[in-house]
Amino acid sequence: MTTVQKIPTPAVELVSLIKSYGRGAAQVQVLDRLGMTVHRGEFVAIMGPSGSGKTSLLNLMGGLDRPDSGQVRIDGQALDGMSDAELADWRARSVGFVFQFYNLIPVLSALDNVALPLTLSCPGAAERQARASAALELVGLSHRLNHRPQMMSGGEQQRVAIARAIVAGPGLLLCDEPTGDLDRRSGEQVLALLRMLQQRSGTTIIMVTHDAHAAESADRIVRVDKGALASDGFSSGGIVRAAEAHHA
Ligand SMILES: Nc1ncnc2c1ncn2[C@@H]1O[C@H](COP(=O)(O)OP(=O)(O)O)[C@@H](O)[C@H]1O
Ligand SMILES: [Mg+2]
Numbered sequence: 000m001t002t003v004q005k006i007p008t009p010a011v012e013l014v015s016l017i018k019s020y021g022r023g024a025a026q027v028q029v030l031d032r033l034g035m036t037v038h039r040g041e042f043v044a045i046m047g048p049s050g051s052g053k054t055s056l057l058n059l060m061g062g063l064d065r066p067d068s069g070q071v072r073i074d075g076q077a078l079d080g081m082s083d084a085e086l087a088d089w090r091a092r093s094v095g096f097v098f099q100f101y102n103l104i105p106v107l108s109a110l111d112n113v114a115l116p117l118t119l120s121c122p123g124a125a126e127r128q129a130r131a132s133a134a135l136e137l138v139g140l141s142h143r144l145n146h147r148p149q150m151m152s153g154g155e156q157q158r159v160a161i162a163r164a165i166v167a168g169p170g171l172l173l174c175d176e177p178t179g180d181l182d183r184r185s186g187e188q189v190l191a192l193l194r195m196l197q198q199r200s201g202t203t204i205i206m207v208t209h210d211a212h213a214a215e216s217a218d219r220i221v222r223v224d225k226g227a228l229a230s231d232g233f234s235s236g237g238i239v240r241a242a243e244a245h246h247a
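For the sequence shown, position 23 matches number 22 in numbering that gives the first Met the number 0, and the numbering has no gaps at all.
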């Protein structure tokens with residue numbers, strides 16, 4: 000009997016990242032030769048004390064900022080070789096961002112908020128609305144299409160934000176404390192939704208969280224401290240799922 004070993008494909012490769020903010024005496028080094036690899040379809044939680052560089056790290060992975068040195072490769076492509084315009088174009092197609100405070104546009108309906116990222120890539124308004132509507136259905140909000148953010152609960156707003164993050168079909172979803180502003184029940188719904196996206200679409204998910212319970216939704220937990228990797232290993236749920244996958 001032969002065993003076929005699935006070779007995991009790297010989705011995110013970070014090589015010796017160094018990042019500082021400020022100049023001279025005011026300079027703060029935020030990332031200190033940080034390196035890690037995340038495989039395609041993995042769900043990774045990043046934990047660490049406040050100020051340890053988690054948000055800075057997500058910004059570099061998503062091409063929102065550039066490192067002082069070191070390399071970010073996404074699906075084998077080095078981001079440092081791209082111009083700012085190429086990077087913006089790549090971002091719009093390849094990465095979705097989810098923030099703690101949703102960052103929805105207050106004057107737009109849920110449908111228009113979700114359709115917004117398609118403005119440049121998808122010329123037809125009807126097509127944009129159809130895709131936005133499908134994304135909202137996926138997050139369980141087809142009954143809220145015409146609601147504005149202030150007419151929705153925090154949990155619903157975060158699900159709209161997730162629909163907006165996935166509407167262009169990115170392979171990578173970067174979430175910065177996505178349950179940080181939510182009660183336990185809404186937080187659970189958001190985590191279940193992220194797991195569903197991982198399983199259904201094979202999306203690679205990287206989620207910064209302070210909450211050890213939320214981190215258990217991920218397969219793997221990476222801890223950063225003072226801008227460097229402090230630990231990296233399976234979550235308890237991740238161990239169980241890895242064993243199940245092995246025996247499947
Ligand atoms: N744009 C910036 N300019 C100056 N300092 C910054 C900037 N962004 C972050 N920092 C500093 O870098 C450190 C790490 O920040 P951050 O990545 O936001 O940490 P975390 O998300 O882990 O709390 C903090 O000390 C923060 O004040
Ligand atoms: Mg942060």
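Cβ atoms here follow ideal geometry from the backbone N, Cα and C, with glycine treated the same way.
A quick note: this is a predicted structure, and the numbers were derived from the prediction, not measured.
Check for me: the beta strand (DSSP E) holding residue i runs from which residue to which?
i	result
VAL37	27 to 38
VAL71	68 to 73
May I ask you to list the residues that DSSP assigns as paired with residue i?
i	result
PRO122	Partner(s): none; PRO122 has no beta bridge.
ALA44	MET206 and ILE220
GLY232	ILE220
SER19	GLN28
GLN76	ILE73
PHE96	LEU173
VAL12	The sequence as given places Glu at residue 12; Val does not occur at that position. Partner(s): THR36 and ARG72.
ALA227	ASP224
Does ligand 2 have even one heavy atom less than 7 Å from the beta-carbon of residue i?
i	result
VAL43	no
ASP175	yes
VAL207	yes
Locate the alpha helix (DSSP H) running through residue i, then write down its first and last residues.
i	result
ARG92	83 to 93
VAL212	Just to set this straight, residue 212 is His in the shown sequence, not Val. Unbroken alpha helix (DSSP H) run through HIS212: 211 to 214.
SER55	53 to 60
ALA114	109 to 114
Around ligand 1, Cβ to any heavy atom closer than 6 Å, ordered along the chain: TYR20, GLY21, VAL27, VAL29, GLY47, SER49, GLY50, SER51, GLY52, LYS53, THR54 and SER55
Length at least 4, wholly inside the segment 146 to 200: the alpha helix (DSSP H) runs in chain order: 153 to 165 and 183 to 200
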